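Below: the structure, in structure tokens.
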Amino acid sequence: MRVCEESERKSSYVEFQAIILAGGGGSRLYPLSENRPKSLVEVANRPLLAFQLQLLEQAGFSEVIVITIQSQATLISRYCNEVYDGRIGIQIAVVDDQIGTADAIRSIKDRIKTDFLVISGDLITDVQIHYLADIHRTQDATLTSLLWKDDSEHAHKPKRDTNFKHYIALDNVAQQRMLCYRAVDDVEDETLNVPKSLLLRYPDLTIYSTLRDAHCYIFSHWIIRLLDELSDISSLQAELIPFLTEHQFSGDQSILRFSSPNPQALALSMADFPRREPGLLRERSKSTDKDSIKCFAFIAPADRFCRRAVTANDFQELNRFVVNRVFHDPNSQWSESILDSNHLQSLKAEYPQAQFGPNCIIGASVKVGEQTSLKRCVVGKHCRIGNRVRAVDSVFMEHVVIEDDCVIKDSVICDGASISQDCLLESVIVAGHLTVAANTHIFSSNY
């Protein structure tokens, strides 16, 4: 894959520019991200970044800006230049390690000429971009956000659900207008107060605690001017989006100076605008057309997948889902790229004494001993697995060594780790380049 110059060619998706935020440190994904950038952590033996690039390519984008940080720039650039073989042109933008996501967008403001799509570098989804784009166009939205519904066991129990972060209110009439986006930490005693004026204007709304933010957004171009002015906004998700949703109905006409195309139009619209009490204006208005800010959301359909690799548990769930999808849905957008690089069949032929169950993804240069059994496993490149090993629902990253007579269930073994003889590991994450001593039994732990 080549990295294109900034103006080398124009995207076929001319209405939007695409940006991938690939600079996350991945602290919550530790130790999986200890020896590689978070966006290069592999799911089904494929870097996270590859999933976003493919998504954009399938949507019709011909180029993308990938923002990364100084400490990861060399590895990200190497992957884009030497490994990725797609058709999309990539511009690399390097920012300081400690800046926030809004700061990162602000740092490339001169490159952004249109409305722009921002995707987190840890997202895997098969929700097509055109669903968001259609809403953004037809509603003349300031922000269009991708959400997914969490139907997991703890989704309705905020205190037990580590992914629960927001109360999100959507209008049931106006095609998913996003009315409220409130961090759970800002809500006392799990009680969300909704202004009476909002209920009068949108009486048919639903407040969700089970919707999750996919960190995939389309913004109007004028948001760049807003960010340039409000330099204290550092985070898109934690600061900009709450700001936009809260100011939709504030009656603050000063916001027009950012969204207005030119100062003359601004002066005219401000002078001609009827002077009314802001609360009354909010209550009486029934149209979205006059709003300076309009926030909308698209909820991923139930038959589509949308998850982020935030934690190690997320990483395991992503592996299970993606592997299952590529084996059981031949029309999956990931099937060709993942199965074409799967060495399962050649490994079966080379090691007939080993058993390989369904849903295994095997990387290159893997060696397997006799009477070993692998079921629903992802095995990275250059791994060596000994005799009589039993592994189920597990991920071995690259250069992993598993010695004889080990049993490994529902675990992740990170790059370069070694598991000595006769170990039993269940629901364990072993950090990279560590050695687990012989006859060790570990359950539900990080090692």
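Its first residue numbered 1, the sequence shown is counted upward by one per residue in UniProt numbering. No residue lacks a Cβ here, since even glycine has one placed at the ideal position from N, Cα and C. Since the structure is predicted, the reported quantities are computational estimates derived from the model, not experimental observations.
Our two residues, residue 329 and residue 126, have alpha carbons roughly 12 Å apart in a direct line. Given a length threshold of 3 residues, each whole run of the beta strand (DSSP E) inside the region 68 to 149 is given here in chain order: 89 to 95, 115 to 120, 123 to 125 and 143 to 149. Straight-line spacing of the CA atoms in residue 351 and residue 382 works out to 15 Å. For residue 224, same chain residues with a beta-carbon under 6 Å away, outside a window of 5 residues either side, are 109 and 112 in chain order. Taking the Cα positions, residue 92 is about 14 Å away from residue 118.
By the Cβ neighbour-count rule, residue 122 is buried, with 16 or more other Cβ atoms within 10 Å of its own. Taken through DSSP and simplified to helix, strand or coil, residue 245 comes out as helix. Assigned with DSSP and collapsed to three states, residue 341 falls in coil, not helix or strand. Here the alpha carbon of residue 146 sits roughly 28 Å from the alpha carbon of residue 339. According to the DSSP assignment, residue 313 belongs to the alpha helix (DSSP H) that extends over 312 to 328. For residue 422, the three-state secondary structure derived from DSSP is coil. Contact annotation: residue 434 and residue 406 have beta-carbon atoms that are not nearer than 9 Å.
Assignment of beta-bridge partners to residue 178 by DSSP yields 170. Approximately 7 Å separates the beta-carbon atoms of residue 116 and residue 221; this is inside 8 Å, confirming the contact.
As DSSP reads the structure, residue 47 sits in a beta bridge with 42. Ranked by how close their Cα comes to the Cα of residue 96, the residues 69, 144, 341 and 89 have 69 in first place.
With distances taken between CA atoms, residue 76 lies nearest to 20 out of 20, 372, 341 and 418. For residue 409, the enclosing beta strand (DSSP E) stretches over residues 407 to 409. Counting only residues of its own chain and dropping the five nearest sequence neighbours on each side, residue 106 has a CB closer than 6 Å to the CB of 227.
Between the beta-carbon of residue 431 and that of residue 447 there is about 7 Å, and that keeps the pair under the 8 Å contact cut.
Per DSSP, the continuous beta strand (DSSP E) segment holding residue 299 begins and ends at 295 to 299. Taking all protein chains shown into account, residue 357 has fewer than 16 neighbouring C-beta atoms within 10 Å of its C-beta and is therefore exposed.
Distances from the alpha-carbon of residue 150 to those of 306, 233 and 427 put 306 closest.
Boundaries of the alpha helix (DSSP H) harbouring residue 224: 223 to 229, taken from the DSSP string. Counting the other CB atoms within 10 Å of its CB gives residue 191 a total below 16, which places it among the exposed residues.
Within the same chain, 13, 128, 129 and 130 come within 7 Å of residue 59 by CB-CB distance, once the 5 residues on both sides are set aside. Here residue 445 is bridged, per DSSP, to 428.
Per DSSP, the beta-bridge partners of residue 63 are 89.
Looking at 43, 48 and 88, the one whose alpha-carbon comes closest to that of residue 65 is 88.
Spanning the alpha carbons of residue 301 and residue 134 requires a straight line of approximately 15 Å.
Judged by DSSP secondary structure, residue 197 falls outside any beta strand (DSSP E) and instead within the alpha helix (DSSP H) spanning 196 to 201.
The Cβ neighbour count for residue 78, taken over all protein chains shown within 10 Å, is under 16; the residue is labelled exposed.
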